[in-house]
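Residue numbers (this note's numbering): -11 to 542.
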């Protein structure tokens, strides 16, 4: 009886058919690979209908073209698309005429899609209203006889056509004779197509949401890049290096990483965390983030200091000329004193300019000299002002680098902002560790890192991998305003020092060396002249200093 769940095509009873459709739905919903999903849809439909062939079409985003996704004809051994077969190379089918814009109702799949109804043709050679010239040419070319064709539109729960399922030549199970697709079979295939459409559409929605999330994350990185080109590259390279380390660890068969593995969801979780690891820098002031000299704020104030020295030189010149104009002046002695004064000013100016760069360590003698210079005065609108203000002396006295302790704290606070931002987000279960992965790259094994000061050994391995990636990228970066890029060997020596001082996980550092991920990264991102020989054994031989440890989180 029409409308029942019995199928004369395969002889399966109603209960078994219901169970089978349920199992198919479960299998489709659990499968994550898109190609496998599409292949399973077509193969299960062919099996239910006992069809010799079939094609699954997929709609493009503009809803203008139907693309061939999977093609199968068993008797001709034709197989395109799916998990392992080559993709179909057939031209897509236009839903609308390219010239007139009218619907191509003469094409069976288009008719089914646009009318949202199945098309069941017992024999294409006796059918009216459709153009089967292409089908007949195929038959002639392959000595085939296309007879019965069932076309089912795949409509999602949002009433959007996402594709079309077409089956060819239903076969009688007893005689293998080609027969028409029965109404019962049509109903079963419609049920499968409906399930499949919802599942495929849901997977597409999830993929679109993930793409939206990822694009938003990258927009944040681009915003940081727009603020500072010096950190934009960092936001891109750190996730790449972290993923390189993790990928190598997943293939390790012995040593510390032998049992390490990340499934597809965990890899994506780490990928997202890598892109977000410095998102808090969106609130870091640019003049601190990009501070290339000690006196730089919105601009480099060294030019103001140099102008003061120029005023002192002009003042000395005027005094010298006035004294020379006096009767009986000893011009030779005055000239010698003047030249000595100018030489001293120029030497002091050069000292201040060099101190401003921050390239060398400032010792106590250097700082004392700055304070002495600060006690000198220069004339400005009839009053004497200090040659160097207290704030300028404080900045110039920064012993290493260009950033003061207060500015360093502001820089470090980007991690506080990162933590606050990421921990405030309602992460789904498969991304719940993004905050931990992203927020731990400044923590140290000995607990002296920031922002939380936890023992890094209590963090997960991926978080510790990101810490290694963050340090190594910073050491080898060529786009920092405050330092030159280091040669590979020098960068790896410093990584070794971090290992010795329990700042980085020694096991991950050793793996970083033995897996040669450091070299793979260098070949991709470092200038050739910076890639030199690394003494790997020296790094591996380093023994970390004793410290308190906790059991690592798996």
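Cβ atoms here follow ideal geometry from the backbone N, Cα and C, with glycine treated the same way. Being a predicted model, the structure only gives us computed values, none of them experimental.
Residue i - containing beta strand (DSSP E), residue span
i: residue 46; result: 39 to 47
i: residue 59; result: 53 to 61
i: residue 108; result: 107 to 109
i: residue 390; result: Looking at the DSSP string, residue 390 is not in any beta strand (DSSP E), and its letter there is neither H nor E.
i: residue 138; result: 137 to 143
i: residue 67; result: 66 to 68
Three-way DSSP call (helix, strand, coil) for residue i in this model
i: residue 543; result: No answer is possible for residue 543: the residues shown for the chain start at -11 and end at 542.
i: residue 151; result: strand
i: residue 415; result: coil
i: residue 522; result: coil
i: residue 129; result: helix
i: residue 442; result: coil
i: residue 241; result: coil
i: residue 348; result: coil
i: residue 329; result: helix
i: residue 354; result: helix
i: residue 365; result: strand
i: residue 82; result: strand
i: residue 166; result: strand
i: residue 342; result: helix
i: residue 73; result: coil
i: residue 314; result: coil
i: residue 273; result: coil
i: residue 158; result: strand
i: residue 247; result: coil
i: residue 228; result: helix
i: residue 284; result: strand
i: residue 532; result: coil
Anticipated Cβ contact below 8 Å, residue i with residue j, distance rounded
i: residue 28; j: residue 39; result: So it is not a contact: roughly 15 Å between Cβ atoms.
i: residue 423; j: residue 431; result: Not quite, the Cβ-Cβ distance comes to about 13 Å (not below 8 Å), so this is no contact.
i: residue 98; j: residue 134; result: With 8 Å as the limit, residue 98 and residue 134 do not qualify as a contact, their Cβ atoms being about 18 Å apart.
i: residue 24; j: residue 55; result: Not really, about 18 Å apart at Cβ, beyond 8 Å.
i: residue 480; j: residue 509; result: Actually they do not touch by this definition, with Cβ atoms about 11 Å apart.
i: residue 544; j: residue 244; result: As shown, the chain starts at -11 and ends at 542. That puts residue 544 outside it, with no answer to give.
i: residue 527; j: residue 482; result: Rounded, the Cβ-Cβ distance is 10 Å, inconsistent with contact.
i: residue 100; j: residue 109; result: At roughly 11 Å, the Cβ-Cβ gap does not stay under 8 Å, so residue 100 and residue 109 are not in contact.
i: residue 263; j: residue 205; result: 5 Å
i: residue 106; j: residue 174; result: 6 Å
i: residue 53; j: residue 83; result: 7 Å
Residue i to residue j span [Cα, whole Å]
i: residue 317; j: residue 324; result: 13 Å
i: residue 530; j: residue 338; result: 41 Å
i: residue 440; j: residue 176; result: 59 Å
i: residue 202; j: residue 473; result: 30 Å
i: residue 564; j: residue 81; result: This structure gives no information on residue 564, because the portion of the chain shown stretches from -11 to 542.
i: residue 486; j: residue 492; result: 6 Å
i: residue 34; j: residue 42; result: 7 Å
i: residue 494; j: residue 192; result: 42 Å
i: residue 45; j: residue 62; result: 18 Å
i: residue 519; j: residue 464; result: 10 Å
i: residue 429; j: residue 350; result: 29 Å
i: residue 347; j: residue 17; result: 59 Å
i: residue 229; j: residue 418; result: 22 Å
i: residue 356; j: residue 340; result: 12 Å
i: residue 20; j: residue 32; result: 17 Å
i: residue 223; j: residue 442; result: 24 Å
i: residue 308; j: residue 330; result: 11 Å
i: residue 157; j: residue 144; result: 26 Å
i: residue 178; j: residue 22; result: 20 Å
i: residue 320; j: residue 326; result: 10 Å
i: residue 543; j: residue 455; result: As shown, the chain starts at -11 and ends at 542. That puts residue 543 outside it, with no answer to give.
i: residue 68; j: residue 78; result: 10 Å
i: residue 515; j: residue 10; result: 57 Å
Range covered by the alpha helix (DSSP H) that runs through residue i
i: residue 383; result: 378 to 384
i: residue 187; result: 171 to 215
i: residue 464; result: 449 to 464
i: residue 477; result: 476 to 488
i: residue 262; result: 252 to 264
i: residue 507; result: 505 to 513
i: residue 97; result: 96 to 103
i: residue 425; result: 422 to 427
i: residue 494; result: 494 to 502
Contact with chain C by residue i, beta-carbon distance below 8 Å
i: residue 160; result: Structure shown: chain C not included; a single protein chain is present.
heavy atom of the ligand COA below 7 Å from residue i C-beta
i: residue 156; result: You won't find the ligand COA in this model; it holds no ligand whatsoever.
Touch test, the stretch 377 to 386 against the stretch 281 to 298, Cβ-Cβ under 8 Å, three pairs minimum: yes
Cβ contact check for the stretch 145 to 163 and the stretch 175 to 190: 3 or more pairs under 8 Å: yes
Cβ contact check for the stretch 390 to 402 and the stretch 362 to 375: 3 or more pairs under 8 Å: no
Meets three-Cβ-pair contact criterion under 8 Å: the stretch 252 to 267 and the stretch 229 to 240: yes
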